[in-house]
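Chemist: Chains as they are written, first to last, in our numbering: chain S, 429 to 548; chain B, 13 to 556.
A virtual CB, placed ideally from N, CA and C, is assigned to each residue, including glycine.
(1) Starting from the Cα of residue 444 (chain B), find the closest Cα among B:255, B:479, B:421 and give me that residue.
(2) Can residue 511 (chain S) and residue 532 (chain S) be called in contact, C-beta distance under 8 Å?
(3) Output needed in chain order: residues of the segment 333-362 of chain B with a Cβ under 8 Å from some Cβ in chain S.
(4) Between which residues of its own chain and residue 439 (chain S) is the CB-CB distance below 8 Å, once the five residues before and five after are set aside?
(5) For residue 249 (chain B), does the count of other Cβ atoms within 10 angstroms reach 16, so buried, or fall short, so exposed?
(6) Between residue 489 (chain S) and chain B, is the shortest Cβ-Cβ distance under 8 Å, so that the two count as touching?
(7) If you draw a straight line from the C-alpha of residue 545 (chain S) to the C-alpha of residue 357 (chain B), how long is it?
(8) Beta carbons nearer than 8 Å to chain S: which residues of the segment 371-397 of chain B have them?
(9) CB-CB under 8 Å to residue 408 (chain B), same chain, minus the five flanking residues each way: which ones, in chain order?
(10) Excluding five sequence neighbours on each side, which residues of the same chain lie with their C-beta closer than 8 Å to the C-beta of residue 485 (chain S)?
(11) Within 8 Å of any Cβ in chain B, is that where the Cβ of residue 472 (chain S) sits?
(12) Assuming the contact rule is C-beta atoms closer than 8 Å, residue 432 (chain S) and residue 455 (chain S) should be a hit. Round their C-beta distance to whole Å, please.
(13) By the DSSP assignment, the beta strand (DSSP E) with residue 509 (chain S) in it spans what residues?
(14) Quick check: the Cα distance between residue 239 (chain B) and residue 124 (chain B), rounded to an integer number of angstroms?
(15) Taking Cβ positions only, does residue 483 (chain S) come closer than 8 Å to chain B?
(16) Check for me: the beta strand (DSSP E) holding residue 480 (chain B) runs from which residue to which?
(17) Should residue 235 (chain B) be flagged as near chain S, meaning a C-beta pair shorter than 8 Å?
(18) Please report the distance separating the alpha-carbon of residue 492 (chain S) from that of residue 526 (chain S).
(19) Going by the CB atoms, is the gap between residue 406 (chain B) and residue 556 (chain B) shorter than 8 Å?
(20) Does the beta carbon of residue 444 (chain S) sit closer than 8 Å to a beta carbon anywhere in chain B?
(21) Anything in chain S within Cβ reach of residue 307 (chain B), meaning under 8 Å, just list it in chain order.
(22) Taking Cβ positions only, does residue 536 (chain S) come closer than 8 Å to chain B?
(23) Listing by chain order, which chain B residues have their CB less than 7 Å from the CB of residue 532 (chain S)?
(24) Name the chain B residues whose beta carbon is nearer than 9 Å to that of residue 465 (chain S)?
(25) Can you name the residues of chain C whose CB is closer than 7 Å to the CB of residue 367 (chain B)?
(26) Please list the partners that residue 451 (chain S) has in chain B, where partner means a Cβ-to-Cβ separation under 9 Å.
(27) Starting from residue 441 (chain B), trace the beta strand (DSSP E) both ways and give me its first and last residue.
(28) Less than 8 Å between CB atoms is the rule here; does residue 512 (chain B) satisfy it with respect to chain S?
(29) Please state the DSSP three-state secondary structure of residue 321 (chain B).
(30) Whose C-beta lies closer than 6 Å to the C-beta of residue 546 (chain B) among residues of the same chain, with five residues either side of it excluded?
(31) DSSP three-state label for residue 249 (chain B), please.
(32) In the DSSP output, what is residue 536 (chain B) paired with across the bridge?
(33) Using three-state DSSP, classify residue 215 (chain B) as helix, strand or coil.
(34) Between which two residues does the beta strand (DSSP E) containing residue 301 (chain B) stretch?
(35) When DSSP labels each residue in this structure, what does residue 488 (chain S) get in the three-state scheme?
(36) Judging by CA-CA distance, which residue of S:434, S:436, S:443, S:437 is the nearest neighbour of residue 369 (chain B)?
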């Protein structure tokens, strides 16, 4: 069981991911946009952050940089959620210290939880 | 050896002759151009060139040091090749006991014919000078760049020769075997070069009419054209190039001119352009991107062409963005359907009933949103095709706008927004397709609703000249200038709707715009970011 922070603006997707992960026994906190990510991460110290790369208010890569910049959050594993294959951004994210990435359109929720379980 | 005063007198005479010839050629060129095949002109011209060579003969006799022969022969050659009739010209000289023979290759003459031409010239030369040139196999070594051949067997004294050779108009030979005093010789070469420059410059102008014709063509180009001679001397710029680089006169020093125009860049742009010789490259100048193409034309003239591709790049970016946006709009709901179905199947026993219902609702919502996007896409492609049919009917626009707007009152007022509909009391007739026009009105009002959090939405109908004008004004998010210009393009959304429950495909305005335009109207938007927007469209009024 892990503590997971999910940042995803598509509410339907977020709900599905949350349901799936919770059924696997994880504790999921969901944020609809990116602004409060770092603060929430500091307060809740999650094991894994699932971070959408494309958010309406803040770029996922910027948030990743902020997380990796902060002593308190830099060791939290971050998995990027991508929508359409933007390989350039994925590579950037990995170079910036992201653990992995999940193409939302290509995997089913079960694969997501499998990935999370393997990281715990 | 002649006494010195006579030598100088002769030299003076020769220089005078050069100047005379230059003037002669200059004043004569318009006539030359008009009467290309006039025998009299030709013979006169030949005689003038004969004089030029007898002048060379003097030098030959009087100077006593061997000068730079290549330089001299080349400069004289260029003088001659600049005169229209002299499509063929050549030089002959002796150096290190070898006879060197050059025939300039006329433009557009195939290599095979060029070799025949040279053979004829050598034969002719051999016949007239009694020089045995032996077999002519050495001609095979000729190429366009290496057009001077060495003839190994030189016997006896070579004489000057200048005559018409069969169909080849004129072949000129210069023998410089005994040229000696380099210093004096250089002076002559300088004069000859100057003569050449003047002559070629005047020849370049052709007639004024020709010049105007050519220049009109170049000026109508959407490409900028610069001709640069030598290191950095601009000799021609078409209108676009002049406007772009703020050039008002030439010849000028291009590097200096560029430095003047691009102060912040010094001569960087100039150097970049010149480093692109015979290559293609994109260069940013001010806010524009140019594709610059340089080409070496030979004779140390560089042709630089440039095209403003700023808009092309913008359109390309828009195309990529649109494709991404469309992929997103189609893929996002599909992802939800896929994931929800997956959980419903695999976690059936673990899910509560309410969770299952919720997921089924999500599947339904996503399917509807997908359908909506696909329908809109089909509509756009239909509207963009010529087969799109509109069924116009004569109707009172006032009544129409009022009725259709009122449908929204409940929705808008439920969100605590004020809703005003103002139409004139007297009927206002126009011919339009009611079904299509309803889509336009619906789209504009529902957009206003999507992007307005508080305040009001106002629908008005007024008469502007011979048109009816329908305006929908909101106190919503408004748009930036950039966004405003793009808003009627496919998949561009005005921003994020004020509530997540509002879905948008970014196609509604494209459809609305097409419908209005098919009716002979125009749709416009005025907007201030943070204060609101007004979308207006015009329709031509009709008499009942």
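Modeler: Taking the definition as stated:
(1) Position 432 of the second chain, counted from the first residue, corresponds to residue 444 (chain B). It is B:479 whose Cα lies nearest to the Cα of residue 444 (chain B).
(2) Translated into the one-based positions of the first chain, residue 511 (chain S) becomes position 83. Translated into the one-based positions of the first chain, residue 532 (chain S) becomes position 104. Cβ distance < 8 Å, so residue 511 (chain S) and residue 532 (chain S) count as in contact.
(3) 336, 339, 340, 343, 344, 346, 347, 348, 350, 351, 352, 354, 355, 358, 359, 362
(4) As a working note, residue 439 (chain S) is residue 11 in the first chain. Here the set comprises 460.
(5) Locating residue 249 (chain B) in the second chain gives position 237, where the first residue counts as 1. Classification of residue 249 (chain B): buried, given that the 10 Å Cβ count is 16 or more.
(6) In the first chain, residue 489 (chain S) corresponds to position 61, counting from 1. Not closer than 8 Å to any Cβ of chain B, the Cβ of residue 489 (chain S) fails to qualify, so no.
(7) For the purposes of this step, residue 545 (chain S) is taken as the residue at position 117 of the first chain. For the purposes of this step, residue 357 (chain B) is taken as the residue at position 345 of the second chain. Rounded to whole angstroms, residue 545 (chain S) to residue 357 (chain B) spans 20 Å at the Cα level.
(8) 371, 374, 377, 378
(9) Walking along the second chain from the start, residue 408 (chain B) turns up at place 396. Excluding sequence neighbours, residue 408 (chain B) sits near 439, 440, 441.
(10) In the first chain, the residue the question calls residue 485 (chain S) occupies position 57. Once the five neighbours on either side are set aside, the close Cβ partners of residue 485 (chain S) are 461, 462, 463.
(11) Taking the first residue of the first chain as 1, we reach residue 472 (chain S) at position 44. Closer than 8 Å: no.
(12) Residue 432 (chain S) sits at position 4 when you count from the first residue of the first chain. Residue 455 (chain S) sits at position 27 when you count from the first residue of the first chain. 7 Å between Cβ atoms; contact.
(13) Along the first chain, read from residue 1 onward, the residue named residue 509 (chain S) stands at position 81. Here the beta strand (DSSP E) through residue 509 (chain S) covers 505-510.
(14) Within the second chain, residue 239 (chain B) is the residue found at index 227, counting from 1. Within the second chain, residue 124 (chain B) is the residue found at index 112, counting from 1. So the two alpha carbons sit approximately 31 Å from each other.
(15) On the first chain, position 55 is the one that residue 483 (chain S) refers to. Taking Cβ atoms only, chain B never reaches closer than 8 Å to residue 483 (chain S), which makes this a no.
(16) Mapped onto the second chain, residue 480 (chain B) falls at position 468. Residue range 479-486 is occupied by the beta strand (DSSP E) that includes residue 480 (chain B).
(17) Translated into the one-based positions of the second chain, residue 235 (chain B) becomes position 223. Cβ-Cβ to chain S under 8 Å: no for residue 235 (chain B).
(18) Translated into positions along the first chain, residue 492 (chain S) becomes position 64. Translated into positions along the first chain, residue 526 (chain S) becomes position 98. Cα-Cα distance, rounded: 8 Å.
(19) Residue mapping note: residue 556 (chain B) aligns to position 544 of the second chain, counting from 1. Residue mapping note: residue 406 (chain B) aligns to position 394 of the second chain, counting from 1. Yes, the Cβ-Cβ distance between residue 556 (chain B) and residue 406 (chain B) is below 8 Å.
(20) Here residue 444 (chain S) refers to the residue found at position 16 of the first chain. Yes, its Cβ sits closer than 8 Å to a Cβ of chain B.
(21) Stepping through the second chain from its first residue, residue 307 (chain B) is reached at position 295. Those within 8 Å of residue 307 (chain B) in chain S number zero; the least Cβ separation is about 35 Å.
(22) For the purposes of this step, residue 536 (chain S) is taken as the residue at position 108 of the first chain. Interface residue, yes.
(23) By one-based count along the first chain, residue 532 (chain S) stands at place 104. The answer, in chain order, is 347.
(24) Position 37 of the first chain holds residue 465 (chain S). Ordered by position in chain B, no residue passes the 9 Å Cβ test against residue 465 (chain S), which lies about 18 Å from the chain.
(25) The structure shown contains no chain C; its protein chains are S and B.
(26) Taking the first residue of the first chain as 1, we reach residue 451 (chain S) at position 23. In chain order: 355, 359, 362, 363.
(27) Against the second chain, residue 441 (chain B) aligns to sequence position 429. Segment 441-444, the beta strand (DSSP E) holding residue 441 (chain B).
(28) Working through the second chain from its first residue, we reach residue 512 (chain B) at position 500. Confidence is the limiting factor: at residue 512 (chain B) the pLDDT is only 47, short of 50, which leaves the residue's position unreliable and the question unanswerable from this model.
(29) Counting from one through the second chain, the residue named residue 321 (chain B) turns up at place 309. Residue state, collapsed to three classes: coil.
(30) If you number the second chain from 1, residue 546 (chain B) lands on position 534. A distance below 6 Å between beta-carbons, with the five flanking residues on each side excluded, links residue 546 (chain B) to the following residues of its chain, in chain order: 483, 485, 538.
(31) One-based indexing of the second chain puts residue 249 (chain B) at position 237. Of the three classes helix, strand and coil, the one that applies to residue 249 (chain B) here is strand, per DSSP.
(32) Here the question's residue 536 (chain B) lines up with position 524 in the second chain. DSSP, once it has assigned bridges, lists B:548 as partnering residue 536 (chain B).
(33) Within the second chain, numbered from 1, the residue matching residue 215 (chain B) stands at position 203. Note on residue 215 (chain B): pLDDT 40, under 50, position unreliable in the model; the coordinate value appears next. If DSSP states are grouped into helix, strand and coil, residue 215 (chain B) belongs with the helices.
(34) Along the second chain, one-based indexing puts residue 301 (chain B) at 289. Unbroken beta strand (DSSP E) run through residue 301 (chain B): 300-308.
(35) Along the first chain, one-based indexing puts residue 488 (chain S) at 60. Here residue 488 (chain S) sits in helix by DSSP.
(36) In the second chain, residue 369 (chain B) corresponds to position 357, counting from 1. Here the closest residue by C-alpha is S:443.
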